[in-house]
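Undergrad: These protein sequences, in sequence, are chains D and A. Residues 235 to 958 (my numbering) are what the first sequence spells out, left to right. Residues 856 to 1033 (my numbering) are what the second sequence spells out, left to right. For each residue, glycine too, the CB sits at the ideal point set by N, CA and C.
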Amino acid sequence: MSIDMSQFHQVFFEECFEGLEAMEAGLLNLNIDDIDPEVINTIFRGAHSIKGGSGTFGFNNVADFTHIMETLLDEMRDGRRQVTQIAINILLGSVDCLREMISSIQNEEEVDESRVAQHTADLDNELNGVAESTPPPSHKVSAETIITEPSEVISDSSETSDTNEESGWKIAFCPYLDLLKTGNDPVRMFRELSELGELTSLANIQDVPSLFEMDPEECNISWDLKVMGDIPLDEIEEIFNWVEGDCELDIQPIAPKPVKKIAPPVSQAEPELDTEETIATQAKEPQQPTQPEIIVEQAEVSKDIEAIPKPPTTAPKEPNKKVQLDSDQSKLIVQVASSIRVDTSKIDALINMVGEVVITQSMLGLVGENFTMDKVDQLKKGLAQLERHTRDLQQSVMNVRMLPISFVFSRFPRLVHDISSKLGKKIELKLVGENTEIDKSVVELINDPLVHLIRNSLDHGIEMPANRIAAGKPETGTIELKAYHRGGHIVIEIIDDGHGMDKNKLIAKAVEKGLIDDSSVLTDKQAYELIFLPGFSTAEKLTDISGRGVGMDVVRRNIEALGGNIEISSELGHGTTIAIHLPLTLAILDGQSVAVGDETYIVPLVSIIESINITEKMLNKVAGKGETFRLRNQYIPIIRMHKIFNVQPSSKSKMGEGVIVVAEGQGVLCGLFVDDLLGQQQVVIKSLEANYRRVDGVSGATILGDGSVALILDVPGLVRFSNR
Amino acid sequence: MNKNVTQEVEKKDNDHDRFSNKIDNAGQYLSFTLGKEEYGVDILRVQEIRSWEPVSRIPNVPPYEKGVVNLRGSIVPIIDLRERFKLKSADYTLLTVVVVLQIGDIKKTRTMGVVVDSVSDVITVDKAQIQSAPDFGTKISNEFINGLVSVNERMVMLLDVDKLLKLEELDQTENSVF
């Protein structure tokens, strides 16, 4: 039975993080005034799965800790305990603690015992404080006390401490209905037990339905077992190892001295079969605790089924989680190898496409074998097909990397909950478009900038409730986090209905900090851009949430490193909208190749608005050097590419011969003057920085069909560069 | 424990061989010519030797950074050593050679190509033979030269690859730490 369990650890950790996420979401959804039992059930299931799994893998500290949480939740579920905000907060804290424990185990680090102990104490206090009637650590016991009286149970569990002197074990074994379906046979286990020592078993069959109703695949019997002899606990545990998640199990030592205690169950052995007395005493308890368990198991199964069609990828979630821990505790955590869980339907599509490609390839092979000119049409057809399949295949492969953005969004409700309560603000977070898909690498990198922006909105954007009421706004502020596709981009917007940004205040601050000249005249947009300057912060006082004046410049730099850009619009008194535009994928883009002198450059198709010819006469000089032209009531600055890139001009480099490509970058229009348009193609983005360095106005490079290198133009960068 | 230590030392030695830019270990050098001058680079840094092929120009960079080429899928910059050393530039011919070098340390390596007139020889140099470089005045700044060695009456200047190919601002973009 020695299977290397460590190979399953990674899956277990992923499941744990999923479970924790579900618990956290459930706890945040819990409304104290109107308890939805299903929500509590969800939370309970999360805890239960983690407990079961950690027990199986021998992470006993996790199992013990989760057990206490589970006890608390169980009482809430049964209505034996009032759900209070305090309890919810304690549970939220425990979820965090549990997440740290699991991360520590995953990274093979020491678990912070003191923290665990503190949370355990919190939970214990909560447990003991309200419901004195239930003995805290023996929830399992109470569920299984089929024969023994509750008072005995307590005395039994209190005796667990002096384990060494035992002469035997009392085992309450109460399998769930589907124990047999998991391939476990109690008879075999009992046989093993009997090898350890003298075994007395007592079956409780009061739950067994009549023959007509009985499902032979369900296990309706529970057992009370006694094994006599000096047997180490772990040998017994090992036997039950495989059924740990599928039953209620309670192993209690039997001390040799209190012989009386052994007696009652024995004396009940005969009446067991027919007397009403036993059934009567059992009637109080067994049904109630077993039934919810059944629900749990079934619910878990259905959850698993649901999980298949969704693409639940835990891999990116882990890094996210780690990032959160990082920022929360400034603790460095080693990154484990990242993995990705992919929806099977995506893989099917991929295999399908590969099949198509293979077919086309063999068809082309046939055409080429004895090629004559009359086969040209066939060849062309085949090539066209191959092109289409290649494109589809590429799309399918890209799809594998795509994840719903909810992987990033899902942690923000917690963030908003925590921070708003810390700040004493009332804030509602709305998530829109969580299913928008985005490249995995973008998902991983967008998290930190978003956290920063949301913290900013919480801290600086939304006003205190009193101020909001004074301003005639609803007391509860709203932050909307919205994701959607537009063109080849994904747009993420953070919209708050706070007090907006004060242009004059921004300018005054920037002047005070010496970042700009006090004579400079700025448009609204330029004024908002000021917050991206390093060392700029308008917060009146620094808080631990935001306002240290580092950040917005880094946010911008990170988003630009992803090939995206960030825009701010704001209305004083009504709120601020921050829009982040990101490319769908970092690897491939649709490009328009243009010729400038002898060079070929690629302009990303998404940034091109139109291409037109203009003559020298249509140009207007601004201040003697800048050139603009008028396009439908808008003056557009012209960037002469051969000038800005110092390319030897060709004969076409005169205005009127070449083409103006009107492109947009960061909301600014510009006309790129190039010699010629060459063609549109998809290009694979290669990094210039891997071996070289960043070049102004260039976002990367690609390799053209003839093997030569073409630079990909970065339109916003060009605009900035040309303004210098 | 002891074993670990020796392993550690061995590992260091290997790294040292590969990436050392010191001249205290005798080794082989690839020698090449620029005009009438002869230079050598640590042969362990040489990835391959290619013939000159047209490059894609990079805008607004110093003239000695000729541009980039596609080297089996990665974009590799090409540096003209003549121009880097402010020698008279020569026309590129069929015999013009690009030596592809690896620079950097174990953590991060970069690949770059240098244009030289021709590759001449692989020379084995005993470290005792290497003399420190005298002041060359303005032509080549002394920092690129690790030392001089004379082979068959010819003087070969041994170059420090890392310093030579350290492009301005090269590392600037790497600190995008959040």
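Can you pull out the residues from the segment 866–883 of chain D whose beta carbon lies closer than 8 Å to at least one beta carbon of chain A?
TA: Residues Ile-878, Phe-879, Asn-880 and Val-881.
Undergrad: Does the beta carbon of Ser-875 of chain A sit closer than 9 Å to a beta carbon anywhere in chain D?
TA: As a working mapping, residue 875 of chain A is identified with position 20 in the second sequence. Annotation note: pLDDT 45 at Ser-875 of chain A (below 50); position unreliable, coordinate value reported separately. Judged by the 9 Å Cβ criterion, Ser-875 of chain A is not in contact with chain D.
Undergrad: Evaluate contact between the segment 300–310 of chain D and the segment 267–280 of chain D, counting only Cβ atoms and requiring at least three cross-stretch pairs below 8 Å.
TA: Touching, yes.
Undergrad: Which residue comes first and which comes last in the alpha helix (DSSP H) that contains Phe-879 of chain D?
TA: Translated into positions along the first sequence, residue 879 of chain D becomes position 645. Neither: Phe-879 of chain D is in no alpha helix (DSSP H) and is coded neither H nor E.
Undergrad: Spell out whether any CB of chain A is found under 9 Å from the CB atom of Arg-782 of chain D.
TA: Residue numbering aside, residue 782 of chain D sits at position 548 when the first sequence is read from its first letter. In this prediction, Arg-782 of chain D has a pLDDT of 46, which is less than 50 and means its spatial position is unreliable; nothing more can be read from the coordinates.
Undergrad: Quick one: which chain D residues come within Cβ less than 7 Å of Arg-965 of chain A?
TA: Here residue 965 of chain A corresponds to residue number 110 of the second sequence, with the count starting at 1. Neighbours of Arg-965 of chain A on chain D, chain order: Asn-925.
Undergrad: Anything in chain D within Cβ reach of Val-954 of chain A, meaning under 8 Å, just list it in chain order.
TA: Walking along the second sequence from the start, residue 954 of chain A turns up at place 99. Those within 8 Å of Val-954 of chain A in chain D number zero; the least Cβ separation is about 15 Å.
Undergrad: Any C-beta of chain A within less than 8 Å: which residues of the segment 915–948 of chain D qualify?
TA: Cβ contacts with chain A: Lys-920, Ser-921, Leu-922, Glu-923, Ala-924, Asn-925, Tyr-926, Arg-927, Arg-928, Val-929, Asp-930, Gly-931, Val-932, Ala-935, Ile-937, Gly-941, Ser-942, Val-943, Ala-944 and Leu-945.
Undergrad: So with Cβ pairs under 9 Å, would you call Cys-678 of chain D a contact of chain A?
TA: In the first sequence, the residue the question calls residue 678 of chain D occupies position 444. Before going on, a small fix: residue 678 of chain D reads as Glu here, not Cys. It does not; no Cβ of chain A falls within 9 Å.
Undergrad: Where do the N-terminal and C-terminal ends of the beta strand (DSSP E) with Met-1010 of chain A fall, by residue?
TA: Here residue 1010 of chain A is taken as the residue at index 155 of the second sequence, counted from 1. Note, Met-1010 of chain A: beta strand (DSSP E), 1009–1014.
Undergrad: Would you please verify whether the beta carbon of Glu-184 of chain D is less than 9 Å from any beta carbon of chain A?
TA: The question about residue 184 of chain D has no answer, for chain D in this structure spans 235 to 958.
Undergrad: Just checking, does the segment 994–1013 of chain A make contact with the segment 882–899 of chain A on the three C-beta pairs under 8 Å criterion?
TA: Judged by Cβ distances under 8 Å, the segment 994–1013 of chain A makes contact with the segment 882–899 of chain A, as three or more pairs qualify.
Undergrad: Near Asn-792 of chain D, which residues of its chain fall below 6 Å by C-beta distance, leaving aside the five closest residues on each side in sequence?
TA: What you label residue 792 of chain D is simply residue 558 of the first sequence in a count that begins at 1. So the qualifying residues of the chain are Pro-683.
Undergrad: Is His-733 of chain D closer than 9 Å to Gly-706 of chain D when the C-beta atoms are compared?
TA: The sequence position of residue 706 of chain D within the first sequence is 472, counting from 1. The sequence position of residue 733 of chain D within the first sequence is 499, counting from 1. It is not a contact, given that the beta carbons lie outside the stated cut-off.
Undergrad: Is the segment 596–610 of chain D close to the segment 638–658 of chain D, with three or more CB pairs under 8 Å?
TA: Judged by Cβ distances under 8 Å, the segment 596–610 of chain D makes no contact with the segment 638–658 of chain D, as fewer than three pairs qualify.
Undergrad: Alpha carbon to alpha carbon, how far is His-815 of chain D from Ile-339 of chain D?
TA: The sequence position of residue 815 of chain D within the first sequence is 581, counting from 1. The sequence position of residue 339 of chain D within the first sequence is 105, counting from 1. Using only the alpha carbons, I get a separation of about 37 Å.
Undergrad: Along the beta strand (DSSP E) that carries Asn-1001 of chain A, what are the first and last residues, could you check?
TA: As a position in the second sequence, residue 1001 of chain A is number 146, starting the count at 1. It spans 1000–1006 - the beta strand (DSSP E) in which Asn-1001 of chain A sits, taken as one unbroken run.
Undergrad: When DSSP builds the beta bridges, which residues end up paired with Pro-720 of chain D?
TA: Translated into the one-based positions of the first sequence, residue 720 of chain D becomes position 486. Note that residue 720 of chain D corresponds to Arg in the displayed sequence, not to Pro. D:His-723, per the DSSP bridge assignment.
Undergrad: Alpha carbon to alpha carbon, how far is Asn-925 of chain A from Ala-944 of chain D?
TA: The residue you call residue 925 of chain A lines up with position 70 of the second sequence. The residue you call residue 944 of chain D lines up with position 710 of the first sequence. The alpha-carbon atoms of Asn-925 of chain A and Ala-944 of chain D are separated by roughly 10 Å.
Undergrad: Checking contacts by CB at 9 Å: is Glu-249 of chain D closer than that to chain A?
TA: As a working mapping, residue 249 of chain D is identified with position 15 in the first sequence. No, its Cβ sits nowhere closer than 9 Å to a Cβ of chain A.
Undergrad: What span of residues does the alpha helix (DSSP H) with Arg-197 of chain D cover, start to end?
TA: The structure shown does not extend to residue 197 of chain D, since chain D is modelled only from 235 to 958, so the question has no answer here.
Undergrad: Could you check whether Leu-665 of chain D and Ser-640 of chain D sit closer than 9 Å to each other, using their CB atoms as the reference points?
TA: On the first sequence, position 406 is the one that residue 640 of chain D refers to. On the first sequence, position 431 is the one that residue 665 of chain D refers to. A contact, by the Cβ cut-off of 9 Å.
Undergrad: For Thr-834 of chain D and chain A, any beta-carbon pair shorter than 9 Å?
TA: Position 600 of the first sequence, counted from the start, is the residue given in the question as residue 834 of chain D. So, interface residue.
Undergrad: Quick one: what's got a C-beta closer than 8 Å to Asp-1015 of chain A's C-beta in the same chain, skipping five residues either side?
TA: For the purposes of this step, residue 1015 of chain A is taken as residue 160 along the second sequence, with counting starting at 1. Only Asn-876, Glu-998, Phe-999, Ile-1000 and Asn-1001 meet the Cβ criterion.
Undergrad: Is Lys-1018 of chain A helix, strand or coil by DSSP?
TA: Mapped onto the second sequence, residue 1018 of chain A falls at position 163. Reduced to three states, the DSSP call for Lys-1018 of chain A is helix.
Undergrad: On the CB-based measure, 16 or more other CB atoms within 10 Å of its CB, does Ala-297 of chain D come out buried or exposed?
TA: To locate residue 297 of chain D, count along the first sequence from 1; it is residue 63. The residue is buried, with at least 16 neighbouring Cβ atoms inside 10 Å.
Undergrad: Please classify Asp-731 of chain D: is it buried, with 16 or more other beta-carbons within 10 angstroms of its beta-carbon, or exposed?
TA: Within the first sequence, the letter at position 497 stands for residue 731 of chain D. With 16 or more Cβ atoms within 10 Å of its Cβ, Asp-731 of chain D is classed as buried.
Undergrad: Would Ser-975 of chain A count as contacting chain D if we go by Cβ distances under 9 Å?
TA: Position 120 of the second sequence holds residue 975 of chain A. Chain D, which has no Cβ nearer than 9 Å to the Cβ of Ser-975 of chain A, makes this no.
Undergrad: Looking at the strands, I want to know which residues DSSP matches up with Asp-458 of chain D.
TA: Residue mapping note: residue 458 of chain D aligns to position 224 of the first sequence, counting from 1. According to DSSP, Asp-458 of chain D bridges with D:Ala-406 and D:Leu-436.
Undergrad: Thinking just about the alpha-carbon of each residue, which of A:Leu-1019, A:Arg-912 and A:Val-916 is nearest to the one in Val-923 of chain A?
TA: The count along the second sequence starts at 1 and reaches residue 923 of chain A at position 68. Nearest of A:Leu-1019, A:Arg-912 and A:Val-916 to Val-923 of chain A, Cα basis: A:Arg-912.
Undergrad: DSSP three-state call for Tyr-919 of chain A: helix, strand or coil?
TA: Here residue 919 of chain A is taken as the residue at index 64 of the second sequence, counted from 1. Coil at Tyr-919 of chain A, not helix or strand.
Undergrad: Can the beta-carbon of Asn-915 of chain A be found less than 9 Å from the beta-carbon of Asp-909 of chain D?
TA: Here residue 915 of chain A refers to the residue found at position 60 of the second sequence. Here residue 909 of chain D refers to the residue found at position 675 of the first sequence. Against a cut-off of 9 Å, the Cβ pair of Asp-909 of chain D and Asn-915 of chain A comes out as no contact.
Undergrad: Is the CB of Ser-929 of chain A under 9 Å away from at least one CB in chain D?
TA: What you label residue 929 of chain A is simply residue 74 of the second sequence in a count that begins at 1. So yes, Ser-929 of chain A belongs to the interface.
Undergrad: In chain order, which continuous runs of the beta strand (DSSP E) of length 3 or greater are located wholly inside the segment 329–366 of chain D?
TA: None, since the segment 329–366 of chain D contains no complete beta strand (DSSP E) of that length.
Undergrad: Whether or not the segment 944–958 of chain D and the segment 894–906 of chain D are in contact is what I'm after, with contact meaning three or more pairs of Cβ atoms, one per stretch, closer than 8 Å; do they touch?
TA: In short, these stretches touch, since the Cβ pair count reaches three.
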